[in-house]
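Written below as structure tokens is the structure these notes are about.
In the numbering used here, the protein residues as written are 863 to 1174.
Put into structure tokens, the structure is as follows:
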């Protein structure tokens, strides 16, 4: 009979194998060249909506090397098109954007002052692609960054859909990565810009991997997707916005891709953007989550990790 350690190892190997199968099957869209780790702290611009939020970039700054800086332009459920087109409304703009984090997106990305630009598309992603020209506007924002500075690295933050999605939250994360995020959203820009592509920050993949590990008993406090999500103002479970634990997972994924380094050993006791202490994993659970996120990032070459590193 296989012991507990063998079962856990087999589960982790199966998850990694699944990601590697994805990496192989999606080769029809050019795989970006590997990235070198940046030489120092980054200045990052986050463009997106409430699945970025104020707390995740603030957590990332606490994980990153001293000197890491960031700005953002956010909304609620905001598409890349709405951020780009001056005549379109950005829902909850005033509530989502506050100094010192806020900076006008076109001014910021067009300034050439940022080492990294992280783009976030709205969900439902199918609607973003079909009705809001998601692939076109990903290219518009990417071209603005490229035309301003050839050294600016560009990233797409892969998110997720509602945890009560009728197709299943985990099923959507598995299926959408190749079919939508890569095959529909990244494909056009990747073919146009093979030498200066948009890299992937696999936030949804990292969240799913932590949930699956938690269901196997590997992560204390995590047994189902809802354990990484917050609560609505009326006290009901929020079906899409992460809680502090989910924000930590996503911040680790950002760190691993932006800095091309393992997050293992990073602090886990962090503060929210308002200065209050965030809810944390136990030290043991945080260490396991850090390893899960790194394994997830290494298994996907669109994150910039080389094939040798991914295999290792």
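We treat Cβ as the ideally placed atom computed from N, Cα and C, and that holds for glycine.
- Counting only runs of 3 or more residues that sit fully inside the region 1096-1122, the beta strand (DSSP E) segments are 1099-1104, in chain order.
- Given a length threshold of 3 residues, each whole run of the beta strand (DSSP E) inside the region 978-1048 is given here in chain order: 978-981 and 1015-1020.
- Between the region 1075-1094 and the region 1145-1162 there are three or more C-beta pairs closer than 8 angstroms, enough to call the two in contact.
- Apart from the 5 residues on each side of it in sequence, residue 997 sits with its Cβ closer than 6 angstroms to the Cβ of 1047 and 1050 in its chain, given in chain order.
- Taking a C-beta distance under 8 angstroms as the contact criterion, residue 927 and residue 903 qualify as a contact pair.
- Residue 907 is bridged by DSSP to 933 and 979.
- Out of 1014, 1076 and 948, the CA that lies nearest to the CA of residue 1120 is found in 1014.
- For residue 1150, the enclosing alpha helix (DSSP H) starts and ends at 1145-1160.
- For residue 955, the uninterrupted alpha helix (DSSP H) run begins and ends at 955-958, by DSSP.
- Per DSSP, the unbroken alpha helix (DSSP H) holding residue 1072 starts and ends at 1065-1077.
- Per the Cβ contact rule, the region 907-921 is in contact with the region 956-971 (3 or more Cβ pairs under 8 angstroms).
- Put simply, the backbone Cα of residue 1055 is about 19 angstroms away from that of residue 1162.
- No residue range can be given for residue 1134, since it is assigned to no alpha helix (DSSP H) and is classified by DSSP as neither H nor E.
- For the pair of segments examined, the region 1136-1144 was found to touch the region 1098-1110: the number of CB pairs separated by less than 8 angstroms reaches three.
- Around residue 1070, the same chain offers 1032 and 1035 as residues with beta carbons nearer than 7 angstroms, after the five sequence neighbours per side are excluded.
- In the DSSP secondary-structure assignment, residue 1060 is bridged to 1016.
- Per DSSP, the beta-bridge partners of residue 1139 are 1133.
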